[in-house]
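What follows is a short report on a single structure.
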Amino acid sequence: AQKITQTQPGMFVQEKEAVTLDCTYDTSDQSYGLFWYKQPSSGEMIFLIYQGSYDEQNATEGRYSLNFQKARKSANLVISASQLGDSAMYFCAMREGGDYGQNFVFGPGTRLSVLP
Amino acid sequence: DSGVTQTPKHLITATGQRVTLRCSPRSGDLSVYWYQQSLDQGLQFLIQYYNGEERAKGNILERFSAQQFPDLHSELNLSSLELGDSALYFCASSTRFGSVRETQYFGPGTRLLVL
Chain C
-10 AQKITQTQPG MFVQEKEAVT LDCTYDTSDQ SYGLFWYKQP SSGEMIFLIY QGSYDEQNAT
50 EGRYSLNFQK ARKSANLVIS ASQLGDSAMY FCAMREGGDY GQNFVFGPGT RLSVLP
Chain X
200 DSGVTQTPKH LITATGQRVT LRCSPRSGDL SVYWYQQSLD QGLQFLIQYY NGEERAKGNI
260 LERFSAQQFP DLHSELNLSS LELGDSALYF CASSTRFGSV RETQYFGPGT RLLVL
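For the protein sequence lines, the chains are C and X, in the order given. Be aware that the first sequence starts at -10, since it is given in the working numbering, and climbs by one per residue. Be aware that the second sequence starts at 200, since it is given in the working numbering, and climbs by one per residue.
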């Protein structure tokens, strides 16, 4: 079964508007971490934001915030005031507990296009 | 700049050949991961090392091998290359290994093209 689901293969947003990228996850662990990465067309993977399962507040990093709904097992990324430079692939990832590398899993990604 | 370095940036080679990709983790990071990203397969976890020891294996082919050296840099060896091995290969490093707060920081990747 897929551990990370990103149901939007592609999204469009107008410049300066806010956009939400969806991510749902599947785990039976109580303790886990959720991450978002950005991959622009140049190829590098850039870490954006982290949310811990026990964190009471939604994580924020500048224009990025994470809408964490634990009961629904969702960790949606919200980008406020979109910029042309936000056009990229966005990956949601989860880290479960334990010391095995396979505990870090990525979703299939969402391609965001920001329109001028 | 994540602090993770990968060389070379681009590699073009022929089928049947062998190549070595190199990665230097961020200063202080003991854990190194290798990933393969192709258009049809997404980001695939290959293998992970922690302080010189192999800790986990993912979808790594038998033709591929890796190691982490005492200075913590890592090499991924790809042999008997096939057209389907053409992909972007990432190395990532992390601190807090074993913790759910572990964040992986990625290198710029090596783009491999097998002709």
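Note that CB positions come from ideal geometry on N, CA and C, so glycine has one too.
Along chain X, in chain order, which residues have C-beta atoms closer than 9 Å to that of Ser63(C)?
-> Numbered from 1 along the first sequence, position 74 holds the residue referred to as residue 63(C). Within 9 Å Cβ-Cβ: nothing; Ser63(C) doesn't reach chain X, min ~17 Å.
Residue range of the unbroken beta strand (DSSP E) whose run includes Ala48(C) | Counting from one through the first sequence, the residue named residue 48(C) turns up at place 59. Segment: none, Ala48(C) is in no beta strand (DSSP E) and carries neither H nor E.
Determine, using beta-carbon pairs with one atom in the stretch 74 to 81 of chain C and one in the stretch 13 to 28 of chain C, whether at least three such pairs fall under 8 Å.
-> yes
Going along the chain, which residues of the stretch 272 to 300 of chain X sit with their C-beta nearer than 7 Å to a C-beta in chain C?
-> Leu287, Phe289, Phe296, Gly297, Val299, Arg300
So which of Val67(C), Ala60(C), Met0(C) has the shortest CA-CA distance to Glu45(C)?
-> Translated into positions along the first sequence, residue 45(C) becomes position 56. It is Ala60(C) whose Cα lies nearest to the Cα of Glu45(C).
Comparing alpha-carbon positions, which option in Asn47(C), Pro97(C), Gln3(C) lies nearest Cys12(C)?
-> Stepping through the first sequence from its first residue, residue 12(C) is reached at position 23. Minimum Cα distance to Cys12(C) is reached at Pro97(C).
Taking only beta-carbon atoms, is Glu4(C) less than 8 Å away from chain X?
-> The sequence position of residue 4(C) within the first sequence is 15, counting from 1. With 8 Å as the cut-off, Glu4(C) does not count as an interface residue toward chain X.
Using beta-carbon positions only, say whether Leu220(X) and Tyr288(X) come within less than 8 Å of one another.
-> For the purposes of this step, residue 220(X) is taken as the residue at position 21 of the second sequence. For the purposes of this step, residue 288(X) is taken as the residue at position 89 of the second sequence. Yes, the pair counts as a contact, with Cβ atoms nearer than the cut-off.
CB-CB under 7 Å to Phe1(C), same chain, minus the five flanking residues each way: which ones, in chain order?
-> Walking along the first sequence from the start, residue 1(C) turns up at place 12. Counting only Cβ-Cβ distances below 7 Å, and skipping sequence neighbours, we find Ser102, Leu104.
Do you know how far the Cα of Gln236(X) is from the Cα of Phe244(X)?
-> In the second sequence, counting from the first residue as 1, residue 244(X) sits at position 45. In the second sequence, counting from the first residue as 1, residue 236(X) sits at position 37. Roughly 9 Å between the two C-alpha positions.
Check distances from the C-beta atoms of the stretch 231 to 243 of chain X to those of chain C and list, in chain order, the residues that come in under 7 Å.
-> Tyr232, Gly241, Leu242
Would you call Glu50(C) buried or exposed, if buried means 16 or more other Cβ atoms sit within 10 Å of its Cβ?
-> Position 61 of the first sequence, counting from 1, holds the residue named residue 50(C). Result: exposed.
For Asn92(C), which three-state DSSP category applies?
-> Along the first sequence, read from residue 1 onward, the residue named residue 92(C) stands at position 103. If DSSP states are grouped into helix, strand and coil, Asn92(C) belongs with the helices.
Nearest CA to the CA of Pro269(X): which residue from Ala286(X), Tyr248(X), Asp200(X)?
-> What you label residue 269(X) is simply residue 70 of the second sequence in a count that begins at 1. When each option's Cα is compared against that of Pro269(X), the closest is Tyr248(X).
Cβ-based neighbour list, Ile(-7)(C), same chain, cut-off 7 Å, excluding 5 preceding and 5 following = Looking up residue -7(C) in the first sequence gives position 4. Answer for Ile(-7)(C): Cys12, Tyr14, Cys81, Ala82, Met83, Val94, Phe95, Gly96, listed in chain order.
Measuring CA to CA, which of Tyr53(C), Asp18(C), Leu73(C), Glu85(C) is closest to Ala66(C)?
-> For the purposes of this step, residue 66(C) is taken as residue 77 along the first sequence, with counting starting at 1. According to the sequence shown, residue 66(C) is Leu rather than Ala. Cα-wise, what sits closest to Leu66(C) is Tyr53(C).
Expressed to the nearest angstrom, what Euclidean distance is found between the alpha-carbon atoms of Gln205(X) and Leu37(C)?
-> Mapped onto the second sequence, residue 205(X) falls at position 6. Mapped onto the first sequence, residue 37(C) falls at position 48. Their Cα atoms are separated by approximately 21 Å.
What residues in the stretch 30 to 46 of chain C have a beta carbon less than 8 Å from any beta carbon of chain X?
-> Gly32, Glu33, Met34, Ile35, Phe36, Tyr39, Gly41, Ser42
Report all residues from its chain with a CB closer than 8 Å to the CB of Ser293(X); omit the five preceding and five following residues, and keep chain order.
-> Position 94 of the second sequence holds residue 293(X). Around Ser293(X): Asp228, Ser230, Tyr232, Glu301, Thr302, Gln303, Tyr304.
Where Leu37(C) falls: helix, strand or coil (DSSP) | What you label residue 37(C) is simply residue 48 of the first sequence in a count that begins at 1. If DSSP states are grouped into helix, strand and coil, Leu37(C) belongs with the strands.
When burial is assigned at 16 or more other CB atoms within 10 Å of the CB, is Ser69(C) buried or exposed?
-> Position 80 of the first sequence, counted from the start, is the residue given in the question as residue 69(C). Ser69(C) comes out exposed.
Can the beta-carbon of Leu282(X) be found closer than 8 Å to that of Arg262(X)?
-> Taking the first residue of the second sequence as position 1, residue 282(X) is located at position 83. Taking the first residue of the second sequence as position 1, residue 262(X) is located at position 63. Not closer than 8 Å, so no.
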